[in-house]
Structures are given as C-alpha cells and as structure tokens.
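This report concerns only the one structure given below.
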Amino acid sequence: DVKVTQSSRYLVKRTGEKVFLECVQDMDHENMFWYRQDPGLGLRLIYFSYDVKMKEKGDIPEGYSVSREKKERFSLILESASTNQTSMYLCASSFVIRDIGSGANVLTFGAGSRLTVL
Amino acid sequence: DAKTTQPPSMDCAEGRAANLPCNHSTISGNEYVYWYRQIHSQGPQYIIHGLKNNETNEMASLIITEDRKSSTLILPHATLRDTAVYYCIVRGNSNSGYALNFGKGTSLLVTP
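Line by line, the protein sequences give chains A and B.
Start counting at 1 in the first sequence, then tack on 247, and there's your number in our numbering.
Start counting at 1 in the second sequence, then tack on 1, and there's your number in our numbering.
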C-alpha cells in the first residue's frame, strides 16, 4: 500500500527550540506539500515542492523553512519554535500533471504530526 | 480557483444514503471537482473527483449538474465510520503549483 509517512505523530517542544518534521513518500511523486490545520481555520498551505531542491511558498510560510534534498523526503523546519506554531501539521504528495486537462491532481496525505510548543 | 460553498454540518442515519451538496457557481471549464474527507485526528483522504460526467467508485458517487455549478457527493449506505469532515474542492491543473485549497467542509455525523 502506498504511503506518506510522517516521522512523529506527537511532539512537545519548548519555545525557541529548532524543530524538524520529516515526511517520506514511497510513490515516486514529484510534488510534496506541508499544511497546517487549526480549529476553525481549516488546512493552510505552508510550503510545497515540485522537484528536488525546489520549493515554493504557500499561504503562511513565515516562521518556517523546508528542505527537499531527495525526491522522497520533504522536511519542514521551525527555526525557533513559538507557541503560535502549536498545530497539526500534514504532509501530502502528488504527481506532476504534465498536460493541462490530462488528469486530476490527487493528493495523498500522511497521518499528521501534532506539535505542541510550550 | 473557484470558491466552494458547503453546509457546515449534516446528520445521516446509519444505513441511509448521505447526500452532501457543494456549490461552485464560478467553476471554469477546465476545473475538476474533488472530494476528500478527514476522520478525526487523521490526514485527509481522497474520495473521488470529476470534471463533467457523474463518477462512481467503491467509496462514493459524484453527481455534477449539467451547468457544473454544483455537485453532490453520495455515500450510498452510510456507516458510523463515515463520520468525518467532507471537503469539496475545485481546482484546475496548472504548471504553477498543485496545492489544493481546503475550506471548512461539511461535518457529517452518522448516527445509529
């Protein structure tokens, strides 16, 4: 069964700590995404990547960075965690659609990582 | 991307069909309708998608109106495990990013 695996389901960190959230997919997908989900706000896109070493900012990139050194792995980095980054973080991946109209863009999500910053 | 409107919540009795509506009156010709669901404390799960024609798979059916301005996701025999938040998303394919914008969805409660 194909999977998107997030390294930690639950993390507790302290303010100011550097936090790494890891995501690995085994579907050979080009695209990978990081979302965060908060009550009442839905899923918000932080960053995405459409190729190795490529990254694009999403809607809320402030306070985050990402790394994509290998196709299967996409890391989200909180350089100095703050309490307002307490959230559920969701990783997803998908294929690149090379021809517009050639097919739909289906995202596969991981189970999520619930981060608490104290 | 076209904006979608969904009711915030719905109830359905177990064993009955659950019909979840979605309005997307500004949809354009090359935009797909996607449905995902999210069971509590899990990542969203893809259900089905369509462009113009009605679609059916092992999970659900998708009915798209002829003018494409609205659609309905049908769970033919809802079970308690179908209790989840259901997201309707409209998105075209483009070469500049493939992220899907999830709104607040419809919270479906299936009751015994």
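The beta carbon of each residue, even a glycine, is placed where N, CA and C say it ideally should be.
Can you grab the Cα-Cα spacing for the pair residue i / residue j, in whole Å?
i        : j        : result
B/Thr6   : A/Leu292 : 20 Å
A/Lys265 : A/Glu326 : 5 Å
B/His41  : A/Gly289 : 13 Å
A/Ser361 : B/Ile90  : Reading off the sequence shown, one finds Arg at residue 361 of chain A, where the question assumed Ser. Roughly 24 Å separates the two Cα atoms.
A/Arg374 : B/Asn55  : Chain A is shown from 248 up to 365; residue 374 of chain A falls before or after that span and cannot be answered.
B/Ile64  : A/Met279 : 30 Å
A/Arg315 : B/Glu67  : 42 Å
B/Asn46  : A/Thr355 : Note on identity: in this sequence residue 46 of chain B is Gln, with Asn being the wrong assignment. About 7 Å.
B/Thr112 : A/Pro286 : 23 Å
A/Gln253 : B/Lys4   : 30 Å
A/Phe267 : A/Val299 : 18 Å
Using a Cβ-Cβ distance cut-off of 8 Å, determine whether residue i contacts chain B.
i        : result
A/Phe356 : yes
A/Leu258 : no
A/Val313 : no
A/Met362 : Sequence check: residue 362 of chain A is Leu here, not Met. No, no contact with chain B.
A/Val271 : no
A/Asn331 : no
A/Val353 : yes
A/Leu337 : yes
A/Gly310 : no
A/Gly359 : yes
CB residue i to CB residue j, shorter than 8 Å?
i        : j        : result
B/Ala19  : B/Leu76  : yes
A/Gly357 : A/Ser329 : no
B/Leu109 : B/Thr84  : yes
B/Ile28  : B/Trp36  : no
A/Gly305 : A/Tyr336 : no
B/Pro22  : B/Ser62  : no
A/Gln284 : A/Ser334 : yes
A/Trp281 : A/Tyr294 : yes
B/Arg17  : B/Tyr87  : no
B/Gly104 : B/Glu32  : no
A/Thr363 : A/Val259 : yes
B/Ser139 : B/Thr107 : The structure shown does not extend to residue 139 of chain B, since chain B is modelled only from 2 to 113, so the question has no answer here.
A/Arg256 : A/Leu365 : no
B/His50  : A/Val353 : yes
Measuring only between beta-carbons, confirm whether residue i sits less than 8 Å from chain A.
i        : result
B/Tyr87  : no
B/Arg38  : no
B/Pro8   : no
B/Arg92  : yes
B/Leu109 : no
B/Lys105 : yes
B/Leu101 : yes
Original post:
For the stretch 43-60 of chain B, which residues have a CB atom closer than 8 Å to at least one CB atom of chain A, in sequence order?
Top reply: Within the stretch 43-60 of chain B, the residues whose Cβ lies closer than 8 Å to some Cβ of chain A are Gln43, Gly44, Pro45, Gln46, Tyr47, His50, Leu52, listed in chain order.
Original post:
In chain order, what residues of the stretch 72-87 of chain B put their CB closer than 8 Å to some CB of chain A?
Top reply: none
**OP:** Pick out the complete beta strand (DSSP E) segments inside the stretch 263-305 of chain A, 3 residues or longer, and give them in chain order.
**Re:** 266-272, 278-285, 289-296
**OP:** Report the residues of the stretch 286-297 of chain A with a CB closer than 9 Å to any CB of chain B, ordered along the chain.
**Re:** Gly287, Leu288, Gly289, Leu290, Arg291, Leu292, Phe295, Tyr297
Original post:
At which residue ranges does the stretch 32-74 of chain B contain complete alpha helix (DSSP H) runs of 4 or more residues, listed in the order of the chain?
Top reply: List check, alpha helix (DSSP H) in window: nothing returned.
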